Amino acid sequence: MEKVLIIAEAGVNHNGDINLAKNLALAAKECGADIVKFQTAELSSLVSKYADMADYQKENIGKETTQREMLKKLLLSYDDFRKLACYCKEIGIQFLSTPFDINSIKFLESLGCNFWKIPSGEITNLPYLAEIARTHKPVIMSTGMCTMDEVEAAINILESYDSGEITLLHCTTEYPAPFVNVNLRAMSAMHNKFLKPVGYSDHTTGIEVSIAAVAMGAVVIEKHFTLDKEMEGPDHKASLEPNELRAMVTAIHNIESAMGSSVKEPSLEELKNRKAARKSIVAKRDIYKGEILTEENITTKRPGNGISPMEWFNVIGTYAVRDFREDELVEL
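Going by the numbering used here, the sequence shown opens with residue 205, and the numbers climb by one from there.
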């Protein structure tokens, strides 16, 4: 199985503090994530002064204001991201940030990011998609809130501007997302329809759905994480804490090992157990040479190093070639 790419989504859980952002990057590294991802935006390009907060944002931060006022406290500067990218390189984890406007795309391009992560909210933003595609780098695109037609339209735009390889992430844009709304089979449906690699951007509580997605063929898992779910901010409550992230990474790697190939054959370890676990045709009682072998004098018992019970009807009706004691392996 292809190794699953695990993205630890720090997002804006640094609360606008670069030191907290560095701590998140270090925690992601220590938990075994491949990538730590943030979010980069110019506030004036991202949201108008009249945009309301989403209901989950109001609930999670416990008050109501405009999106712009909320985000003022949550965004890092371009200079902060330069420092953060350098720090990630120093500690040995891949830095990634999702751009939310065209200027941020150009800025992150200057940092040399290897690929792009497109958020669900930008999948219907044609100028944004075209700008991403013009870099010709691979794209991982979340598809929360989307119909299949909208996903197809976004793919067509990216490919018309010559983007790199596209990976599609199934996603449910709720924070946290109820299990009943996950519809994980849609991930497989996208793979079958578009013949693209697929993965899952997980907004549920816990780690079960991410693990299930890997078992269903996800090649990318993205999961929000925080240092403390009780911190103020819109995304902390729908995030994993480090011990949970570590458990998810371990479980995903276990699933990778368990998936194996599609070939049905015994492992080397299983072959060692055949003798002890399978049965052979043995004498049900003492049998004398020349006696006809019947269901009255033969049976099947362990070990499995004699004549296989699958040969039962080929043995029935033959003559004992010698004396056999009870439980002794029958020979022909």
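By construction, the Cβ of each residue, glycine as well, lies at the ideal position given by its N, Cα and C atoms.
Everything numeric in this text was worked out from a predicted model, so none of it was measured.
Collapsed DSSP secondary structure at residue i in the structure displayed
{"i": "histidine 395", "result": "helix"}
{"i": "glycine 215", "result": "strand"}
{"i": "glycine 405", "result": "In the sequence as displayed, the identity of residue 405 is serine instead of glycine. Strand."}
{"i": "phenylalanine 429", "result": "strand"}
{"i": "aspartate 366", "result": "coil"}
{"i": "isoleucine 297", "result": "coil"}
{"i": "isoleucine 496", "result": "strand"}
{"i": "aspartate 283", "result": "helix"}
{"i": "valine 384", "result": "helix"}
{"i": "aspartate 259", "result": "helix"}
{"i": "cysteine 317", "result": "coil"}
Residue i - partner residues in DSSP beta bridges
{"i": "alanine 487", "result": "Ile502"}
{"i": "glutamine 243", "result": "Thr302"}
{"i": "threonine 351", "result": "BP columns for threonine 351 are empty, so no partner."}
{"i": "isoleucine 415", "result": "According to DSSP, which records beta bridges pairwise, isoleucine 415 is partnered with nothing at all."}
{"i": "leucine 533", "result": "Val486"}
{"i": "tyrosine 523", "result": "Ile496"}
{"i": "phenylalanine 517", "result": "In DSSP, phenylalanine 517 forms no bridge with anything."}
{"i": "phenylalanine 528", "result": "Ile491"}
{"i": "valine 424", "result": "Leu209"}
The alpha helix (DSSP H) enclosing residue i, as first and last residue numbers
{"i": "glutamate 206", "result": "Premise fails: glutamate 206 is in no alpha helix (DSSP H) and is neither H nor E."}
{"i": "methionine 463", "result": "446-463"}
{"i": "lysine 233", "result": "222-235"}
{"i": "arginine 272", "result": "271-276"}
{"i": "arginine 478", "result": "472-481"}
{"i": "tyrosine 332", "result": "330-337"}
First and last residue of the uninterrupted beta strand (DSSP E) at residue i
{"i": "histidine 374", "result": "370-375"}
{"i": "methionine 345", "result": "343-346"}
{"i": "isoleucine 322", "result": "320-322"}
Outcome for residue i when other beta-carbon atoms lying within 10 angstroms are tallied against a minimum of 16
{"i": "leucine 372", "result": "buried"}
{"i": "asparagine 217", "result": "buried"}
{"i": "glutamate 419", "result": "The sequence as given places alanine at residue 419; glutamate does not occur at that position. Burial call: exposed."}
{"i": "isoleucine 344", "result": "buried"}
{"i": "isoleucine 425", "result": "buried"}
{"i": "tyrosine 254", "result": "exposed"}
{"i": "proline 331", "result": "exposed"}
{"i": "cysteine 375", "result": "buried"}
{"i": "glycine 296", "result": "exposed"}
{"i": "tyrosine 492", "result": "exposed"}
{"i": "proline 470", "result": "exposed"}
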